[in-house]
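Residue numbers (the working numbering), protein chains in the order written: chain F, 2 to 267; chain B, 2 to 267. In what follows, a single structure is set out as structure tokens and then discussed.
Number of protein chains: 2
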Amino acid sequence: MEARKAIGVFDSGIGGLTVVHELTRSLPHEEIIYLGDTARLPYGTKSPETVLRFSRKNLDFLKHKQVKLIVVACNTASSVALPRLQEEEELPVIGVLMPGARAAALVTKTKRVGVIGTTATIHSSAYVKALQGITPDLEIWTQPCPLFVPLVEEGWLDDPITELATKRYLEPLAEFGADALVLGCTHYPLLKDIISRVVGPEVVLVDSARETAAEVMNVLEERGLTNDRGGTGRITVYVTDIPYRFKEVGERFLRRPLEHVEHVEL
Amino acid sequence: MEARKAIGVFDSGIGGLTVVHELTRSLPHEEIIYLGDTARLPYGTKSPETVLRFSRKNLDFLKHKQVKLIVVACNTASSVALPRLQEEEELPVIGVLMPGARAAALVTKTKRVGVIGTTATIHSSAYVKALQGITPDLEIWTQPCPLFVPLVEEGWLDDPITELATKRYLEPLAEFGADALVLGCTHYPLLKDIISRVVGPEVVLVDSARETAAEVMNVLEERGLTNDRGGTGRITVYVTDIPYRFKEVGERFLRRPLEHVEHVEL
Numbered sequence: 002m003e004a005r006k007a008i009g010v011f012d013s014g015i016g017g018l019t020v021v022h023e024l025t026r027s028l029p030h031e032e033i034i035y036l037g038d039t040a041r042l043p044y045g046t047k048s049p050e051t052v053l054r055f056s057r058k059n060l061d062f063l064k065h066k067q068v069k070l071i072v073v074a075c076n077t078a079s080s081v082a083l084p085r086l087q088e089e090e091e092l093p094v095i096g097v098l099m100p101g102a103r104a105a106a107l108v109t110k111t112k113r114v115g116v117i118g119t120t121a122t123i124h125s126s127a128y129v130k131a132l133q134g135i136t137p138d139l140e141i142w143t144q145p146c147p148l149f150v151p152l153v154e155e156g157w158l159d160d161p162i163t164e165l166a167t168k169r170y171l172e173p174l175a176e177f178g179a180d181a182l183v184l185g186c187t188h189y190p191l192l193k194d195i196i197s198r199v200v201g202p203e204v205v206l207v208d209s210a211r212e213t214a215a216e217v218m219n220v221l222e223e224r225g226l227t228n229d230r231g232g233t234g235r236i237t238v239y240v241t242d243i244p245y246r247f248k249e250v251g252e253r254f255l256r257r258p259l260e261h262v263e264h265v266e267l
Numbered sequence: 002m003e004a005r006k007a008i009g010v011f012d013s014g015i016g017g018l019t020v021v022h023e024l025t026r027s028l029p030h031e032e033i034i035y036l037g038d039t040a041r042l043p044y045g046t047k048s049p050e051t052v053l054r055f056s057r058k059n060l061d062f063l064k065h066k067q068v069k070l071i072v073v074a075c076n077t078a079s080s081v082a083l084p085r086l087q088e089e090e091e092l093p094v095i096g097v098l099m100p101g102a103r104a105a106a107l108v109t110k111t112k113r114v115g116v117i118g119t120t121a122t123i124h125s126s127a128y129v130k131a132l133q134g135i136t137p138d139l140e141i142w143t144q145p146c147p148l149f150v151p152l153v154e155e156g157w158l159d160d161p162i163t164e165l166a167t168k169r170y171l172e173p174l175a176e177f178g179a180d181a182l183v184l185g186c187t188h189y190p191l192l193k194d195i196i197s198r199v200v201g202p203e204v205v206l207v208d209s210a211r212e213t214a215a216e217v218m219n220v221l222e223e224r225g226l227t228n229d230r231g232g233t234g235r236i237t238v239y240v241t242d243i244p245y246r247f248k249e250v251g252e253r254f255l256r257r258p259l260e261h262v263e264h265v266e267l
């Protein structure tokens, strides 16, 4: 009966719905319970201690919902809190960081990789450690891009302001000579077109959401936890705050209507 | 002995230190206890219910510190939570909204006023109600500017990206014919130069922080609560999270070194 349980996913907000979107593509029968900590978002500008404290609360909430596996669909929480959560927890806990790092290490030919993310993600150096753990002689260029999240939330996806900010952040990448760039924040895949235009077509953009869904599929298979029931799995979304334009922005990430949404206080 | 007590100030983050800066200019002898709810910031993108819940926690913390008056140095909290806080509380509670609205109503000759702020502040319509409560035939143009806070925190105060975003948000103001613009967010006074360049010198920029400090001075005098002790009052800053670059950004707002900082969990 373990296999019939839901997959739990949490993020600081609703950007993690990009991971849910990828999960529904690879694992359409799975039930998914998502928690977005929208009352405390963003995590990306906060200290590691605070991010760990919030992450523990989110994980406890999902465990209470009887999930079989937990995805930390937030790059910041994956960077600064994941090892501790995995130590403390018996259920499998999967972050978005390692799948992205592995994909980047695999595709680079120049052995030079770029990583962009929130301030907290970049300053944790978690991607650098993960990448060098996989391929020790990799050279890595990193850049926090704090303007990208509000630009995505404004919906300015193809816009001269976004292009100018993207150039400011990413032009040094060409000089560095990377041929792979990890999009280390769940919001960033929505800027793929503009980022690709700035960094050039020879740079592979690594979308952690997609890589994470593949990892979840592997872990479920290995442990015999894949849901073999037919039909489409239900997606339930819990949020700690329902802010203005929540549905519009959420559906941009999930790429389908948000149907079952509940407000909870943690 | 009531007069010897501190003034309590809270904000969602450290932007409210602009209000503290103005208080120290008008009331140098006053002791100030500041609480920045940096673990839950920003409030500006969240729902009114959540902002009220957080504001009550902040107010309780300051009351516990035995303050004589409380300043809500956050435009979002002043817009969506202040009336409830004032009802529930015996101490005088002063927001940043009314002082700014009064100043704008006073200076406009065209009877057309602009207001900019966070998404939550603008969608609460609190400034519109306050302004029309003062001068019923005022016409009001409003605009949320969600890019401004991250631009200030990047330190891009005089920058082509900031100029482009400012034009996007504020060029309609000229057509509307306003001669006063309320800077309805504590971060915005740091963009005064660029905003003034875009809207033109004939538009008066109303800085709520300065007006609020004047209001606090009046209320203390009326109630005989002004601290008559000599010397410079101590400023103690409590924050619910100490994020990366906290000191650098905080000192940009306070315009002096941050000396007594403590981390608290609420």
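Don't be surprised by glycine CBs; every beta carbon is placed ideally from N, CA and C.
Backbone CA spacing between residue i and residue j [nearest angstrom]
i: residue 215/B; j: residue 58/B; result: 26 Å
i: residue 73/F; j: residue 17/F; result: 9 Å
i: residue 192/F; j: residue 234/F; result: 29 Å
i: residue 219/F; j: residue 236/F; result: 21 Å
i: residue 209/F; j: residue 94/F; result: 16 Å
i: residue 96/B; j: residue 254/F; result: 36 Å
i: residue 2/F; j: residue 186/B; result: 53 Å
i: residue 103/F; j: residue 179/F; result: 16 Å
i: residue 131/B; j: residue 228/F; result: 56 Å
i: residue 231/B; j: residue 41/F; result: 41 Å
i: residue 83/F; j: residue 56/B; result: 31 Å
i: residue 39/F; j: residue 240/B; result: 20 Å
i: residue 212/F; j: residue 24/F; result: 10 Å
i: residue 128/F; j: residue 87/B; result: 47 Å
i: residue 177/F; j: residue 203/F; result: 13 Å
i: residue 171/B; j: residue 66/B; result: 41 Å
i: residue 9/B; j: residue 112/F; result: 54 Å
i: residue 195/B; j: residue 160/B; result: 9 Å
i: residue 28/F; j: residue 100/F; result: 17 Å
i: residue 169/F; j: residue 125/F; result: 22 Å
i: residue 133/F; j: residue 141/F; result: 9 Å
i: residue 146/B; j: residue 182/B; result: 13 Å
i: residue 157/F; j: residue 245/B; result: 27 Å
i: residue 34/B; j: residue 136/B; result: 35 Å
i: residue 91/B; j: residue 226/B; result: 15 Å
i: residue 32/F; j: residue 13/F; result: 20 Å
Identified DSSP bridge partners for residue i
i: residue 114/F; result: 141/F, 181/F
i: residue 20/F; result: Looking at the DSSP assignment, residue 20/F forms no beta bridge with any residue, so it has no partner.
i: residue 268/F; result: No answer is possible for residue 268/F: the residues shown for chain F start at 2 and end at 267.
i: residue 263/B; result: 239/B
i: residue 95/F; result: 72/F
i: residue 206/F; result: 182/F
Nearest-angstrom beta carbon gap, residue j and residue i [assumed within contact, 8 Å]
i: residue 197/F; j: residue 206/F; result: 6 Å
i: residue 44/F; j: residue 106/F; result: At roughly 25 Å, the Cβ-Cβ gap does not stay under 8 Å, so residue 44/F and residue 106/F are not in contact.
i: residue 150/F; j: residue 188/F; result: 5 Å
i: residue 144/F; j: residue 162/F; result: Contact flag wrong, Cβ pair sits at about 18 Å.
i: residue 70/F; j: residue 217/F; result: 7 Å
i: residue 98/B; j: residue 81/B; result: That belief does not hold up - the Cβ atoms of residue 98/B and residue 81/B are roughly 10 Å apart, past 8 Å.
i: residue 6/F; j: residue 108/F; result: That belief does not hold up - the Cβ atoms of residue 6/F and residue 108/F are roughly 34 Å apart, past 8 Å.
i: residue 77/F; j: residue 119/F; result: 5 Å
i: residue 114/F; j: residue 139/F; result: 6 Å
i: residue 200/B; j: residue 174/B; result: 5 Å
i: residue 22/F; j: residue 224/F; result: Wrong, their Cβ atoms sit about 23 Å apart, outside the cutoff.
i: residue 155/B; j: residue 148/F; result: 7 Å
i: residue 266/F; j: residue 259/F; result: Wrong, their Cβ atoms sit about 20 Å apart, outside the cutoff.
Element boundaries [alpha helix (DSSP H), containing residue i]
i: residue 109/B; result: It is not in any alpha helix (DSSP H) - residue 109/B carries neither H nor E in the DSSP assignment.
i: residue 236/F; result: Not the alpha helix (DSSP H): residue 236/F falls in the beta strand (DSSP E), residues 236-240.
i: residue 158/F; result: Here residue 158/F belongs to no alpha helix (DSSP H), and DSSP marks it neither H nor E.
i: residue 198/F; result: 193-200
i: residue 296/F; result: Because chain F spans 2 through 267 in this model, residue 296/F falls outside it and cannot be assessed.
i: residue 85/B; result: 83-89
i: residue 148/B; result: Where residue 148/B is concerned, there is no enclosing alpha helix (DSSP H), given that its DSSP letter is neither H nor E.
i: residue 121/B; result: 120-125
i: residue 253/F; result: 247-255
Practice prompt. May I ask you to list, following chain order, the residues of the stretch 160-190 of chain F that have a beta carbon less than 8 Å from some beta carbon of chain B?
Written response: 161, 162, 165, 166, 169
Discussion item. Residues of the stretch 27-50 of chain F in Cβ contact with chain B at a cutoff of 9 Å, in chain order, please.
Written reply: 39, 40, 41, 42, 43, 46, 47, 48, 50
Worksheet item: Closer than 8 Å, Cβ to any Cβ of chain F: which residues of the stretch 111-144 of chain B, in chain order?
Response: Legend: CB atoms of the stretch 111-144 of chain B lying less than 8 Å from CB atoms of chain F belong to residues 120, 121, 124.
Item to complete: For the stretch 226-246 of chain F, enumerate the residues whose C-beta is nearer than 8 Å to any C-beta of chain B, in chain order.
Response: 241, 242, 243, 244, 245, 246
Worksheet item: the stretch 94-105 of chain F: which residues have C-beta closer than 7 Å to a C-beta of chain B, in chain order?
Response: none
Discussion item. Can you pull out the residues from the stretch 197-214 of chain B whose beta carbon lies closer than 8 Å to at least one beta carbon of chain F?
Written reply: none
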